[in-house]
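Number of protein chains: 2
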Amino acid sequence: SKVQIPPKNDLSSTIFTIFTFKYFTPLCPPDIVRLSWSKSIMWPPGWRSALRHCIAGWVRSVRPQKENLFLHVNDGSSLQSLQVVASSELNHRLLTFGSAVEISGSLVTSPSRKQDVELQADQIDVVGECNPVDFPFKIKEKHGLEYIRQFPHLRCKTNVFSSLLRIRSEATTAIQQYFKEKGFIQVHTPVLTSNDCEGAGELFQVEPAGQDKNQDEEGHQHFFSVPAYLTVSGQLHLEVMAGAFPGVYTFGPTFRAENSQSRRHLAEFYMVEAEISFTQSLEDLMKVMEDLFRSTTEHLLSQCPEDVALYHKHVSPGYRVRHQKISQMITYTEAINILNSSSKKFAFKTDWGSDLQTEHEKYLVKHCGDVPLFVTDYPYALKPFYTRDNQDQPLHTAAAVDLLVPGVGEMCGGSLREERLDLLKTRLAQAGLDETYRW
Amino acid sequence: SKVQIPPKNDLSSTIFTIFTFKYFTPLCPPDIVRLSWSKSIMWPPGWRSALRHCIAGWVRSVRPQKENLFLHVNDGSSLQSLQVVASSELNHRLLTFGSAVEISGSLVTSPSRKQDVELQADQIDVVGECNPVDFPFKIKEKHGLEYIRQFPHLRCKTNVFSSLLRIRSEATTAIQQYFKEKGFIQVHTPVLTSNDCEGAGELFQVEPAGQDKNQDEEGHQHFFSVPAYLTVSGQLHLEVMAGAFPGVYTFGPTFRAENSQSRRHLAEFYMVEAEISFTQSLEDLMKVMEDLFRSTTEHLLSQCPEDVALYHKHVSPGYRVRHQKISQMITYTEAINILNSSSKKFAFKTDWGSDLQTEHEKYLVKHCGDVPLFVTDYPYALKPFYTRDNQDQPLHTAAAVDLLVPGVGEMCGGSLREERLDLLKTRLAQAGLDETYRW
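See below:
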C-alpha cells in the first residue's frame, strides 16, 4: 500500500493545526504549514514561502485517472473544498467518500479555471475510515432534509448542515461584536428562575430527576425551596442591570412549553435581549435594531458568502440576505388603516385594538415595498405593564415598536420602559401585580 | 430650581448615547458629544474638538462648596467616575447619592492631580430620583456581601457587583475572540436533552408547569415523548461536530442538581467545552488550554484593570490575575509520588489509582512553585469510556490532562478521544453502554 498510516511519534507526519502553529514550531519541521483551506484570510502568514503544506479534512470526491488521482478535500472551514492532485500510485481502497485524511504536498497555481490553487500531494494518510456501504450519505446524491434528520450524529457532514452551523456561528459572533463595540455589558441572565409572570401554561418546571413526587406534592420540598422554572425572558433582570450600565444585553437559551409544531414555535431557542439606559425616544431603539440587523447581515455576507448563497439557492429560495437600509416606518394606527383598505380577506380581525397576526404583518411588509418595516405605537392595552404610556387619549397607545421583515413577519420588538413611578404603580395595581413586583 | 427636567421633545437636552452617535447626527445639535466616561478608547473620534459634552450616569458623591459644586458621576462603563464641577447655583435637593443625571458642559484639563480631565457643567438634569432614606446603600459606607445580597435588584449599583459584571462580560468576549481567531465554530449545544449518561442523581428533569403528575406517572405522557433533562455537558454533541470542522466549541449554561452548598458546586453555571479535530498528542490540548487561559487574563488586564485591581485588593486578596507562562507539567504518577513523599496528612488517600482531590491539587500546585500546573496521564480506570488508552500496561493510564491553578485546584481538563473503533467498542461493552451509544 502507498497509504502510510503513521506511527504515533513519527515527526515527519505530524500535523499541527493552524491555531497552534506558532507554538508548535519547536516540535515540528518548520517547513510544513497546516492549511485551513479556502479562506485565504485564515492562511498563516508566510504560507506561500513554505516548502510543504498540509491539509486535514474529509474526502468529498475521488477521481482516479490513468496517471493522476484527483481528490476534493473539505476541512469544514468553508463550503469550498480543496482540489488535491497526486500520482495515481497514491490511490488506496480506504480513500473513499467521507474518509478522514491528512495530506502533505505543495500548494501550486491550478491550471484549471475552477480554482486558484491546488495541492500537489506526495503523501496521503487515511486517518479515519468511512465504509461507503454503511455511510448514509452517498457521493453526488442530493439528500432531503427528512432523510438527513434520521442521522443526527452525522448530519453536520452534509453541506446543508455544515453551512447552517457556520452561519449560526458567524451570526453569533456578529451579534456579540456589535454590542461589544457599542459598549454594552454582556450579562448571563439566569436560566433557572422562580419568575413565572408570563403565564404558567408556557413554562417548563424543573426538579431533580428521581425526586419522590409524592413527597414533593405533600411537603413542597422543592430543590430551590420554591418552584423553579426555565426562563422565558431575561428582560426583567436586564431592566435592573440597566440601572448601573450604559447598556446591557443577553444572548442565551430561552424556553417555551408551547405544544406547537409550527415553524415559529420552539421549546428551546436563542434570543437577543438588550436594555439601553437614558433613552428618550423610540428612534433610539429603532436605530439599535436596524444597526444590529444590518451589521449581522453584512458580517454574514463577508464571512461566509458561499454558505449564505447555498441557502438562497437550495433551502430558502424566497429569502435573501441583503444589504439594505430600513427606511419604512408606520404607526399601528396607519397599519390598521392599510389592512382595512385592503381587498384581501384576513382570517383574523383587523379592527383597532386587535393584535397584528403574522398574516397581517406579511401583508404590511409587501404593501410597503417588501422591505423591512417598523410599526410603532401599539394600543396601550396590548402591551405589558412596563411599556411607556404615550398618554394620547382617546387613542391611548404605548411607545412600542416591532420590526417586521419580508417572509417572516415580526423579527424583533421593543418599547420605551415606563419610568414615571406613579403611572407604573397604578398599572401594576390594576394588573394585580403590585405584590409580585413590589421590589 | 436650577435643575431643569427637560420636556420630551426639547432638542437642546437630547442625549444621544455613544453607540447611536453616527446615526443621530441629523436629529441632534452636532456640537454635543455623549461621553462614555473613563475609557478614553471609547470616546468618539473628535471629542476634544466638540464644543459641548454630555454624560449620563449615576451620582456617586455630591460636595457643595461655597462657590462650586463638585460631583462624581459614574456611567457603568468602568469603575472610575468623572469629576463634574459646576456653579453651586446648580445644586438641588434631588441631586443625591444614587440619583440618575444627565449633565452637559465642557470637558477640560483638571487642575487636580487626581484626574486628567473634569467636566465643567452648565446644565444638570436629574432624570431619576433616589431617596437617600430608602436607598439601602449609603455614601462612603462599606457594605458586606451578606448585606448586599438582600437587594438583588439594586446590587449591580455597588462597585463589587458592577466590577464583577464587567469582568464577566470581558472574560466572555475574550473566550469568544480566542476561539473565533483560531477558526473554531461556535455551536449552541442543546440545554434540553434526553441524555442522562452522567448519573441520574445529578440531573434536573423538565416537564411543563402545571402538568398533571398522575397522568404523567401513569401514562408517561412526557412533553418530548421521552424524559427530558437539563444538559450536564455538551461534549458528546461537540464530538459529533468535530467530525466535520477543524474545531468546535460551546460556551453556555450547564446544570447539576447536586445539593451542595460549597463554593465549587453550582446548580447553574457557564462552561467552555471544545473539541479539536486531527490532534495527535496531549500537547495539542495543553497549548489550547494555556493559550485560552493566558489570552483571557491578558484581555482582562487590558480591558478592565481597575475592576481586576478591586478584586485583588478587597474581595480575593489571595488571588492574582497574572501574565504567566504555564511551564510546569507532571504526570499523575509523579504527582502521587510527590503526595506520598510529603509529610502533610491528607484527608483523602493518595495511593496510585485514587482520584486527586482538591486538597491534593492545591498541595501539588504549591509544591511545584505556586504556578499553574498540568497533570497528565491519569489512571485509565478513572476516566470515561471515550478517553484514549495509553496502552502502557501494567500501569495502564489514559491520555488525559488537568490544568490546576493556585488557590483553586482543577480549572480545566481534557483528553485525547479514543479513535480506535475496536478499543472503543470493547470498552463500551464492558461499561454496559454499547446499546446507549450504538450510534
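Those protein sequences? They're chains A and B, same order as listed.
Heads up: the first sequence begins at 1 in the numbering used here, then just goes up one per residue.
Heads up: the second sequence begins at 1001 in the numbering used here, then just goes up one per residue.
Yeah, the Cβ is synthetic: ideal placement off N, Cα and C, and Gly gets one too.
Because the structure is a prediction, the values reported are computed rather than measured.
Residue 54 of chain A and residue 1305 of chain B have their alpha carbons spaced roughly 41 Å apart. Its chain contains 1251, 1272, 1292 and 1296 as the residues whose beta carbon lies nearer than 8 Å to that of residue 1175 of chain B, once the 5 sequence neighbours on both sides are disregarded; these appear in chain order. Interface with chain A (9 Å Cβ-Cβ cutoff): residue 1425 of chain B is excluded.
The CB of residue 1439 of chain B comes closer than 7 Å to the CB of 153 in chain A, given here in chain order. Contact with chain A is absent for residue 1103 of chain B, since none of that chain's Cβ atoms lies less than 9 Å from the residue's Cβ. Interface with chain B (9 Å Cβ-Cβ cutoff): residue 327 of chain A is excluded.
Look at the beta carbons and you see the segment 1358-1365 of chain B touching the segment 1399-1415 of chain B: at least three pairs across the two are nearer than 8 Å.
At the C-beta level, residue 1124 of chain B and residue 1103 of chain B come within 9 Å of one another.
Counted as a single uninterrupted DSSP element, the beta strand (DSSP E) harbouring residue 1053 of chain B occupies residues 1052-1064. Pairing residue 1185 of chain B with residue 1128 of chain B gives a Cβ-Cβ distance that is not under 9 Å. Proximity of chain A to residue 1230 of chain B at the Cβ level (cut-off 9 Å) is accounted for by 191, 192, 206 and 230, in chain order.
Relative to residue 1402 of chain B, the option among B/1335, B/1113 and B/1436 whose CA is nearest is B/1335. Close to residue 61 of chain A, with beta-carbon spacing below 8 Å, lies no residue of chain B; the smallest spacing is near 16 Å. By the rule that beta-carbons nearer than 9 Å mark a contact, residue 65 of chain A does not touch chain B.
Chain A places no beta carbon closer than 9 Å to that of residue 1301 of chain B, leaving this residue out of the contacts. For chain B, the residues of the segment 65-83 of chain A that bring a beta carbon within less than 8 Å of one of its beta carbons are 75, 76 and 77, in chain order. Per the Cβ contact rule, the segment 114-121 of chain A is in contact with the segment 79-86 of chain A (3 or more Cβ pairs under 8 Å). Residue 226 of chain A and residue 277 of chain A do not touch by the CB rule: their CB atoms are close to 30 Å apart, not below 8 Å. Here residue 188 of chain A is buried. Its C-beta has 16 or more other C-beta atoms within 10 Å.
In this structure, DSSP gives residue 1379 of chain B an extended state, which the three-state scheme calls strand.
For residue 94 of chain A, the secondary structure class from DSSP, reduced to helix, strand or coil, is coil. Below the 7 Å Cβ cutoff, chain A contributes 188 as neighbours of residue 1270 of chain B, in chain order.
Ranking B/1294, B/1062 and B/1234 by CA distance to the CA of residue 1327 of chain B puts B/1294 first. Excluding residues up to 5 positions away in sequence, 332, 397, 398 and 400 lie with their Cβ nearer than 7 Å to the Cβ of residue 378 of chain A in the same chain. Taking a C-beta distance under 9 Å as the contact criterion, residue 137 of chain A and residue 143 of chain A qualify as a contact pair. Residue 397 of chain A sits in a strand when the DSSP states are folded into three classes. Residues of chain B whose Cβ lies closer than 8 Å to the Cβ of residue 304 of chain A do not exist, since the nearest Cβ in that chain is about 10 Å away. For residue 72 of chain A, the pairing in a beta bridge is given by DSSP as A/61 and A/83. According to the DSSP secondary-structure assignment, residue 269 of chain A is paired through a beta bridge with A/254. Shown here for residue 1068 of chain B: same chain residues with a beta carbon closer than 8 Å to its own, the five before and five after excluded, namely 1085, 1086, 1087 and 1088 in chain order.
Around the beta carbon of residue 1269 of chain B, fewer than 16 other beta carbons sit within 10 angstroms, so the residue counts as exposed. DSSP, reduced to helix, strand and coil, places residue 1186 of chain B within a strand of the structure shown.
DSSP places residue 1162 of chain B within a helical segment (H, G or I) once states are collapsed to three. B/1229 is the residue among B/1181, B/1202, B/1203 and B/1229 whose C-alpha sits nearest the C-alpha of residue 204 of chain A.
Here the C-alpha atom of residue 1070 of chain B lies approximately 12 Å from the C-alpha atom of residue 1110 of chain B. For residue 1058 of chain B, the closest Cβ of chain A is nearer than 9 Å.
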